[in-house]
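The structure under discussion appears below in the form of structure tokens.
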Amino acid sequence: MKKYISILALILVGTLCFAAPARGQEPTFDVSIGMQEALRTIKADEFKAQSGAIGRGIKVAVVDTGVDASHPDLQKTPDGNSKIIDYIDFTKEGLVETKVAAAPDGYQISIDKNQYAIGEVQTKSGILHLGTFKESQISENSPICQDVNRDGKSDGIFGILVADEELSGIYDTVYVDTNQNFNFSDEVPLKIYAKNHDVGFFGTDNPLTEYIEKSSFVVADIESNGNFIKLGFDGNGHGTHVAGILGANGNLKGTAPGAEIMVLKAVESSGDGNWDNIFKAIEYASSQGADIINVSIGNLISSTASHDAQAKVLKDLSAKSDAIIVIAAGNGGPGLATAYDMSGIDNVITVGAYMSPNLWKINYNANVPTETLWYYTGVGHGTSRPTVVAPSSVISTANIWDSGGYFLMDGTSMAAPFASGSCALILEKAKAAGLTTSSGSVIKALEAGARKIDGYLEIEQGSGLIDVVKSWNMLVNEGNLLNTSKVAMSLKDSQEYIEGIMFRNELQAQLKVLIANLSDSLQTIKLESDQQWASTDKNEVTLAPTNKAEVMFSYDFPKNPGLYNTKITGYDKLSGKSVASFTTTAVVPYDLGKTSEILLKGELSPCHWTRYFFKTASGMSELDITLKIDNTLPHMGRAMLYVYDPDGQKVYEDTAGSDYISPKQSTVFKATEPKPGIWEAVVVSDYNLSDFGAVKTAYQLSAEAFGIFSDVKELSFAAEKGENYLSKEILLKNGSGVFKGRLEGAGLAEKNEGIISETIKVEDGKLVRGPAFKVPENTMDLYIDSAAENAAKGDIDIYLYKKDTDELYKEIAFSGKADSMEESIHIKTPQAGEYVVYVDGFSIPDKSANIKIKTQILTDKMNVYIQDINGNLPAGYEWKPRLFVNIPQEGSDFRGYIVVENSNPTCISRIPLRFVVGKKMLKIEITQDGSLYVKEKDTNRPVNTDILVNGVKYLVVDGKALIHQSVIIETVEIYDEKYAPLIVRINS
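Take numbering that gives the first Met the number 0: the last position of the sequence shown gets the number 987, and nothing is skipped along the way.
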């Protein structure tokens, strides 16, 4: 379906069908030139020359799409051992049911009404098991295109015969009618690959034709009772490419040619897969003694819920094994928080994408003057970052039927096996030297030995580019630096140790952090910040064994918009060595609520980028972000515009500037009713500027917000219990452009009204009808949420259908987070009518689960009225209409809206309203020295709470807000659930 995990390469993930080039047209150049350059950049070649290490004796699991086990470069190690030592398929792509059992009729047997000759096939029990493998069971959206025998058709059916040749009733041998001649006697008997390393071929190659008409497969599994088998193959090429980078030994020499490879297929030929299979593969690799597990697959952060679940399972798996797990950082960049977050898991490496000038020239004939990252490489945030970066584009092994067996691919998928191979070299050398290591110490050595790439942030490159020579020296000579830290940090209300935080949608001026002494001895820790805008309330803390101390981190954020990072480091007072650190990433945005039109200019060299952040407010009807390339230079540059919404999801990607076919000077992103929060726009100068004679990209970026909006987080009001009526002047503002229209009040609805829950049983792979309901007229909001009962795991999707005028139900909404049982749909002002929910049991490991579906309908009770409803406002003008509210006598927390209509009249946006009744009220006092105090209104008692001052969160301790003296207070907002909300404007 639509939310599978997909392989993290930027080639071979489409629907193209691939074939080998015409015979005699194989590449005439040295396919290893790019590989040699890649190995040079990480000094793997230098380390191998110095040490003699080749990854000898190191087992590396490749969790991927499978591998072409017939490739000549993947047959033997330099020592003559088998390169591929195991081959397991965790998907169903090669599954063949062979439950049909029959005794031979002489030298023949019938399969699906077809007679097959069996010749001298041996069976101890006298019973053979039968089945067929069909090309149609492979996804048509795969490079092999359902054509395993390469005859140009996708309707091939291959008879399968399973025999018990050694022990009666224990099935151990498979025959496949690969040439489709209904004769097994001319086929080679195949054992499970792990046992005999047998390789078969679909089809028969004709040396007189242009193309290679065969593809390889192995027997990955045989059920001992003969009821099913699994054929293992790589119908994509991705896994074969990854395996070559890791350990090819032939025409191409990979990073660790002596490493032995366990092929664990967890992704199908289309590039689709799921985390259940990936986790099974990782668990199997650990149980079979893999030293390193390479996972070059992703869509790893498609939703926060799914990512948290994935990270927890991976953390549990890694705790059971000392294997080094290497994961591609992902191709979701260049937006923030697009790299896979594996912070807190000691034996996991995430790898980003690096390119040298020579790699750009060799692979793309592009003149890029400096070292770069690929712009798609996954980017971290405050709590995480890629561990290291590695070369991400290289010619490596491919299926023998594809491009002569070698192919250029790029992506973080390609970077990961360079890291895996580097670890294999270090592990071999450590074992030979009698050096005791752990996965954690090798990873720390890899980080300590890496070097930073100029022009990129730590959240983009981590520790930098791998340097195998330096990493080895760090492991040998600086072993004490690589020991597991005995000091850790956590947020005050959390048990989880973390290494940082990111403030994206809301800046927070204070943070309470606990520093823990995990050792059995007294420690004194000195704290230092690397930026003046970050500080601590204690310069040092002394901790008894296993004790913790609370430290307040304070931030006086820079005034200029941008992305800022600071690191507060803890040093052991005696040794002076770093024992812990805490990184804070802060987004300071351009506030479109204050200046509704922003114009920015910049210049970028190839494959460099600049991030911009824009804050939107409730009620804005449209957000426009425009990238325009300067065409006054002798040669116009070329750039991409990426836009990410406040949830960090990419919502736009386009190119402007020079082009091979049709250049265009600008590109525009438009969002209607943009979500309030901080939007990220990234301008990236393309790598191929030299193709157009350009050396840089000069550009102009503009952002405009339209409509009537509120400049506070939430328009909230409070009333005493028993009050019947409220009259309040509100402050609204017009954005860019003239507004001509009107306002209407909507509401109120009690926040918990209209909730109905229903539990349904959902089976794996089945679509189940959920609740049906009617939506009345005057409905403001319709919410539908799902949750699994009894902590059931899996992945479901929910669909919402509405009965149309023709009495047919039509889909109007869908929610499908990856690997999540928690889905949600929100429909604003839904049409009245009959609705029904369906639940798809996309993937439920326990075969079924009870799912609670909660529906909520909030209706307009017409309690909200607005005076001065018509407006004709120039750009940037304020509007102060008066709000009148009839307060309901039952309930305490209500929702409503100010509906903004244009002159048509058509609703163009809604400004949320909140009314709270009966909660204790607060007041603020500002003294002559600028101090701000928060107290209970009736008792004058000081409180402890959080407040927003000018949109930044501050702590209030014993009634006093901890605000830096340089802050000029403009607005104060309090949204503490213990109290009534309060909004105060100073000098307004």
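Beta carbons: idealized from backbone N, C-alpha and C, even for Gly.
Alpha carbon to alpha carbon, how far is Gly-890 from Gly-721? Give it in angstroms, no decimals. Across the structure, Gly-721 and Gly-890 are spaced so that their CA atoms are roughly 11 Å apart.
Taking the alpha carbon of Asp-623 as the point to measure from, which residue in Thr-565, Asn-687, Ser-701, Ala-548 has its own alpha carbon closest? The residue with the shortest Cα to Cα distance from Asp-623 is Ser-701.
Taking only the alpha-carbon atoms, compute the straight-line gap between Gly-740 and Tyr-651 and give it to the nearest angstrom. Their Cα atoms are separated by approximately 30 Å.
Put Val-737 into one of helix, strand or coil per three-state DSSP. For Val-737, the three-state secondary structure derived from DSSP is coil.
Between Ser-269 and the rest of its own chain, which residues show a CB-CB distance below 6 Å, the 5 nearest in sequence each way excluded? So the qualifying residues of the chain are Ser-138, Asn-140, Ser-141.
Per-residue DSSP class, three states only, for Ala-585: Residue state, collapsed to three classes: strand.
Could you name the residues of the same chain whose beta carbon sits closer than 7 Å to that of Val-540, not counting the 5 residues immediately before and after it, in chain order? Excluding its 5 nearest sequence neighbours in each direction, Val-540 has C-beta neighbours in its own chain below 7 Å: Ile-514, Ile-524, Ala-548, Val-550, listed in chain order.
Thinking C-alpha only, which one of Thr-337, Val-350, Pro-333 is nearest Val-387? Of the candidates Thr-337, Val-350, Pro-333, the one whose C-alpha sits nearest the C-alpha of Val-387 is Val-350.
Judging by CA-CA distance, which residue of Asp-44, Gln-49, Leu-730, Val-948 is the nearest neighbour of Leu-506? Here the closest residue by C-alpha is Val-948.
With 16 as the cutoff for other CB atoms within 10 Å, does Thr-631 come out buried or exposed? By the neighbour-count rule (16 or more Cβ atoms within 10 Å), Thr-631 is not buried but exposed.
Taking the straight line between their C-alpha atoms, what separation do you get for Trp-471 and Glu-446? The straight-line gap from Cα to Cα measures roughly 11 Å.
Considering just the uninterrupted stretch of the beta strand (DSSP E) at Val-694, what are its terminal residues? Neither: Val-694 is in no beta strand (DSSP E) and is coded neither H nor E.
Close-in-space but distant-in-sequence residues of the same chain around Thr-411 (CB under 7 Å, 5 per side omitted): Close CB contacts of Thr-411 within its chain, under the 7 Å cut and outside five residues either way in sequence, are with Leu-7, Ala-327, Ala-328, Gly-329, Asn-330, Val-350, Gly-351, Ala-352, Thr-376, Gly-377, Ser-391 (chain order).
C-alpha distance - Asn-298 paired with Asn-195, whole-angstrom precision: Because the pLDDT of Asn-298 is 49, which lies under 50, any placement of that residue in the model is unreliable, and the number read from its coordinates should be weighed accordingly. For the pair Asn-298 and Asn-195, the Cα-to-Cα distance works out to about 35 Å.
Give the straight-line distance between the Cα atoms of Trp-400 and Asp-845, rounded to the nearest whole angstrom. Taking the straight line joining both Cα atoms gives about 39 Å.
Considering only their Cβ atoms, is the gap separating Ile-795 from Val-838 smaller than 7 Å? Taking a C-beta distance under 7 Å as the contact criterion, Val-838 and Ile-795 qualify as a contact pair.
Within 7 Å, strictly: CB atoms of Gly-158 and Tyr-115: It is a contact, given that the beta carbons lie within the stated cut-off.
Give the straight-line distance between the Cα atoms of Val-863 and Tyr-978, rounded to the nearest whole angstrom. The straight-line gap separating the alpha-carbon atoms of Val-863 and Tyr-978 is approximately 23 Å.
Separation of Phe-705 from Asn-362, as counted between CA atoms: Spanning the two alpha carbons is a distance of roughly 45 Å.
Would you check if the distance between the CB atom of Ile-452 and the CB atom of Ile-41 is smaller than 7 Å? Result no, Cβ atoms of Ile-452 and Ile-41 do not sit closer than 7 Å.
Determine the extent of the beta strand (DSSP E) in which Gln-509 is found, giving its start and end residues. Element bounds for Gln-509: 509-516.
So, with DSSP's three-state summary, where would you put His-237? Here His-237 sits in helix by DSSP.
Measure from the alpha carbon of Ser-726 to the alpha carbon of each residue in Asp-763, Phe-716, Ile-292, Lys-732, then state which is nearest. Among Asp-763, Phe-716, Ile-292, Lys-732, the Cα nearest to that of Ser-726 belongs to Phe-716.
CA-CA distance, Asn-209 and Arg-149? Checking the displayed sequence, the identity of residue 209 turns out to be Glu instead of Asn. Answer to the nearest angstrom: the Cα atoms are 12 Å apart.
Between the stretch 64-78 and the stretch 222-240, do three or more beta carbon pairs fall short of 8 Å? Contact between the stretch 64-78 and the stretch 222-240 is established, with three or more Cβ pairs separated by less than 8 Å.
Close Cβ partners of Leu-517 (< 8 Å) along its chain, the five nearest in sequence each way excluded: Correct list, in chain order: Ser-484, Lys-485, Val-486, Ala-487, Thr-545.
As assigned by DSSP and simplified to three states, the class of Cys-906: Assigned with DSSP and collapsed to three states, Cys-906 falls in strand.
Go to Arg-384, then tell me how far its beta strand (DSSP E) extends in each direction, as first and last residue. No beta strand (DSSP E) contains Arg-384, which DSSP labels as neither H nor E.
Please list, in chain order, all residues of the same chain as His-70 whose beta carbon is under 7 Å from its beta carbon, the five residues on each side excluded. If the five residues before and after His-70 are omitted, its C-beta is found closer than 7 Å to the C-beta atoms of Thr-239, Thr-396, Ile-399, Gly-404, all from its own chain and listed in chain order.
Hey, quick one: how far does the alpha helix (DSSP H) through Lys-428 stretch, first residue to last? Run containing Lys-428: 411-431, per the alpha helix (DSSP H) assignment.
Since Gly-988 contacts Phe-708 with CB under 8 Å, what's their CB separation in whole angstroms? With the chain covering 0 to 987 only, the question about residue 988 has no answer from this structure.
Under 7 Å between C-beta atoms of Gly-988 and Thr-76: This structure leaves residue 988 out entirely; the chain is present only between 0 and 987.
Rounded to whole angstroms, what's the CA-CA distance from Pro-766 to Gly-832? Just pull it up for me. Note that residue 766 corresponds to Leu in the displayed sequence, not to Pro. Here the C-alpha atom of Leu-766 lies approximately 23 Å from the C-alpha atom of Gly-832.
Taking all protein chains shown into account, decide if Phe-181 is buried (16 or more other Cβ within 10 angstroms of its Cβ) or exposed. So Phe-181 counts as exposed.
Helix, strand or coil for Val-540? Go by DSSP, reduced to three states. Note: Val-540 maps to strand in three-state DSSP.
Could you tell me the alpha carbon to alpha carbon distance between Gly-569 and Gly-463, rounded to whole angstroms? Rounded to the nearest whole angstrom, the C-alpha separation of Gly-569 and Gly-463 is 22 Å.
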